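What follows is a single structure, written as C-alpha coordinates, with notes after it.
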Amino acid sequence: MALTRWEPFGLDWWPERWRRWLDLDLERQGWLRVEEIHEDDSYVIRAEVPGVDPEKDIDVSVSDGMLHISAKREERTERKDKATYRSEFRYGEFSRDLALPSGVDTDAVKASYRDGILEVRIPWPKQPEKASTKIPISRH
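In our numbering, the protein residues as written are 1106 to 1245.
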(Lines of atoms letter the chains of each structure in order from A and count residues from 1; the text may use other names and numbers.)
(Lines give C-alpha, C1' and ligand atoms only; values in the text may rest on other atoms or scores of the structure.)
Protein backbone atom coordinates (compact mmCIF):
# COMPACT_ATOMS: atom_id res chain seq x y z
CA MET A 1 0.00 0.00 0.00
CA ALA A 2 1.42 3.36 -0.99
CA LEU A 3 1.05 6.38 1.24
CA THR A 4 0.19 9.68 -0.33
CA ARG A 5 -0.12 13.08 1.21
CA TRP A 6 -3.70 14.27 1.44
CA GLU A 7 -4.26 17.81 0.26
CA PRO A 8 -7.71 18.80 1.55
CA PHE A 9 -7.97 21.75 -0.82
CA GLY A 10 -6.05 20.21 -3.72
CA LEU A 11 -8.04 19.69 -6.90
CA ASP A 12 -6.25 16.68 -8.33
CA TRP A 13 -8.44 14.18 -6.50
CA TRP A 14 -11.67 15.70 -7.86
CA PRO A 15 -13.20 13.74 -10.73
CA GLU A 16 -12.60 15.31 -14.14
CA ARG A 17 -16.33 15.90 -14.67
CA TRP A 18 -16.60 17.93 -11.45
CA ARG A 19 -13.52 20.04 -12.27
CA ARG A 20 -14.97 20.86 -15.71
CA TRP A 21 -18.40 21.62 -14.27
CA LEU A 22 -16.88 23.94 -11.66
CA ASP A 23 -14.40 25.31 -14.21
CA LEU A 24 -11.47 24.13 -12.10
CA ASP A 25 -9.40 22.63 -14.89
CA LEU A 26 -5.84 23.43 -13.81
CA GLU A 27 -4.46 23.40 -17.34
CA ARG A 28 -6.70 26.32 -18.26
CA GLN A 29 -5.31 28.50 -15.48
CA GLY A 30 -2.46 29.70 -17.70
CA TRP A 31 0.34 27.64 -16.15
CA LEU A 32 2.61 25.81 -18.57
CA ARG A 33 4.14 22.62 -17.18
CA VAL A 34 7.89 22.38 -17.75
CA GLU A 35 10.84 20.14 -17.00
CA GLU A 36 14.26 21.73 -16.44
CA ILE A 37 17.45 19.69 -16.85
CA HIS A 38 21.17 20.49 -16.80
CA GLU A 39 22.32 18.02 -19.45
CA ASP A 40 26.00 17.86 -20.42
CA ASP A 41 26.84 21.42 -21.48
CA SER A 42 23.22 22.52 -21.99
CA TYR A 43 20.33 23.84 -19.97
CA VAL A 44 17.28 22.01 -21.38
CA ILE A 45 13.66 23.05 -20.84
CA ARG A 46 10.83 20.82 -22.04
CA ALA A 47 7.22 22.00 -22.01
CA GLU A 48 4.01 20.08 -22.65
CA VAL A 49 2.11 21.82 -25.45
CA PRO A 50 0.13 19.16 -27.32
CA GLY A 51 -2.33 20.02 -30.03
CA VAL A 52 -0.74 23.26 -31.22
CA ASP A 53 0.98 24.43 -34.37
CA PRO A 54 4.48 25.42 -33.19
CA GLU A 55 4.97 27.94 -35.99
CA LYS A 56 1.93 30.05 -35.17
CA ASP A 57 0.78 29.06 -31.65
CA ILE A 58 4.06 29.06 -29.67
CA ASP A 59 6.30 32.03 -28.87
CA VAL A 60 9.74 31.62 -27.31
CA SER A 61 11.87 34.65 -26.46
CA VAL A 62 14.68 35.75 -24.16
CA SER A 63 14.93 39.13 -22.48
CA ASP A 64 16.42 40.53 -19.29
CA GLY A 65 17.84 37.15 -18.23
CA MET A 66 14.47 35.40 -18.56
CA LEU A 67 13.21 32.77 -20.99
CA HIS A 68 9.58 33.49 -21.95
CA ILE A 69 7.44 30.68 -23.35
CA SER A 70 3.82 31.25 -24.34
CA ALA A 71 1.39 29.08 -26.26
CA LYS A 72 -2.20 29.28 -27.39
CA ARG A 73 -4.45 26.28 -28.00
CA GLU A 74 -7.74 26.10 -29.84
CA GLU A 75 -8.96 22.52 -29.88
CA ARG A 76 -12.28 21.15 -31.09
CA THR A 77 -13.52 17.58 -31.00
CA GLU A 78 -16.67 16.12 -32.49
CA ARG A 79 -18.26 12.72 -32.12
CA LYS A 80 -21.25 11.68 -34.20
CA ASP A 81 -23.23 8.47 -33.85
CA LYS A 82 -26.58 7.49 -35.26
CA ALA A 83 -28.39 8.76 -32.17
CA THR A 84 -25.94 11.27 -30.63
CA TYR A 85 -23.79 14.23 -31.45
CA ARG A 86 -21.16 15.62 -29.11
CA SER A 87 -18.92 18.62 -29.71
CA GLU A 88 -16.36 20.05 -27.30
CA PHE A 89 -14.20 23.12 -27.56
CA ARG A 90 -11.08 23.78 -25.54
CA TYR A 91 -9.31 27.11 -25.67
CA GLY A 92 -6.48 28.36 -23.55
CA GLU A 93 -3.37 30.47 -23.29
CA PHE A 94 -0.38 29.24 -21.35
CA SER A 95 2.85 30.94 -20.38
CA ARG A 96 5.91 30.46 -18.26
CA ASP A 97 8.93 32.64 -17.43
CA LEU A 98 12.15 30.97 -16.33
CA ALA A 99 15.28 32.65 -14.99
CA LEU A 100 18.38 31.86 -17.03
CA PRO A 101 21.89 31.43 -15.63
CA SER A 102 24.00 34.58 -15.95
CA GLY A 103 26.24 34.73 -18.98
CA VAL A 104 23.93 32.84 -21.36
CA ASP A 105 24.59 33.47 -25.07
CA THR A 106 21.05 34.35 -26.21
CA ASP A 107 22.01 33.96 -29.88
CA ALA A 108 22.76 30.25 -29.28
CA VAL A 109 19.31 29.36 -27.88
CA LYS A 110 17.57 26.67 -29.99
CA ALA A 111 13.96 25.48 -29.84
CA SER A 112 12.34 22.40 -31.39
CA TYR A 113 8.90 20.78 -31.26
CA ARG A 114 8.09 17.09 -31.51
CA ASP A 115 5.12 14.96 -30.43
CA GLY A 116 3.56 17.75 -28.34
CA ILE A 117 6.78 18.62 -26.50
CA LEU A 118 8.58 21.93 -26.95
CA GLU A 119 12.30 21.61 -26.19
CA VAL A 120 14.50 24.66 -25.65
CA ARG A 121 18.27 24.09 -25.48
CA ILE A 122 20.55 26.74 -24.11
CA PRO A 123 24.33 26.26 -24.02
CA TRP A 124 25.44 26.39 -20.39
CA PRO A 125 27.61 29.48 -19.90
CA LYS A 126 31.29 28.73 -19.61
CA GLN A 127 32.81 30.03 -16.42
CA PRO A 128 36.37 31.20 -16.89
CA GLU A 129 38.76 29.09 -14.90
CA LYS A 130 40.46 31.11 -12.23
CA ALA A 131 44.15 30.58 -11.90
CA SER A 132 45.24 29.43 -8.52
CA THR A 133 46.96 32.17 -6.58
CA LYS A 134 49.37 31.37 -3.82
CA ILE A 135 48.90 33.57 -0.79
CA PRO A 136 52.11 34.44 1.03
CA ILE A 137 52.14 33.94 4.78
CA SER A 138 53.85 36.56 6.83
CA ARG A 139 55.38 36.09 10.29
CA HIS A 140 54.73 38.57 13.03
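Yeah, the Cβ is synthetic: ideal placement off N, Cα and C, and Gly gets one too. Remember, predicted model here, so these are calculated numbers, not experimental data.
Query: Taking the beta carbon of I1222 as the centre, do at least 16 other beta carbons fall within 10 Å, making it buried, or is it exposed?; Result: exposed
Query: Is D1212 helix, strand or coil when you go by DSSP?; Result: helix
Query: DSSP has I1174 in a bridge; who is on the other side?; Result: V1165, R1201
Query: If you reduce the DSSP assignment to three classes, tell me which class P1241 lands in.; Result: coil
Query: Along the chain, where does the beta strand (DSSP E) that runs through S1147 open and close?; Result: 1147-1153
Query: Compute the Euclidean distance between the alpha carbons of I1142 and V1149, then round it to the nearest angstrom.; Result: 5 Å
Query: Quick check on P1206: does DSSP put it in helix, strand or coil?; Result: coil
Query: Please look up how many angstroms separate the CB atoms of R1219 and R1195, rounded, as I've assumed it's under 8 Å.; Result: Not quite, the Cβ-Cβ distance comes to about 22 Å (not below 8 Å), so this is no contact.
Query: Tell me whether D1130 sits in a helix, a strand or coil according to DSSP, three-state version.; Result: With a pLDDT of only 47 at D1130, under the threshold of 50, the placement of this residue in the model should not be trusted, and no figure is reported.
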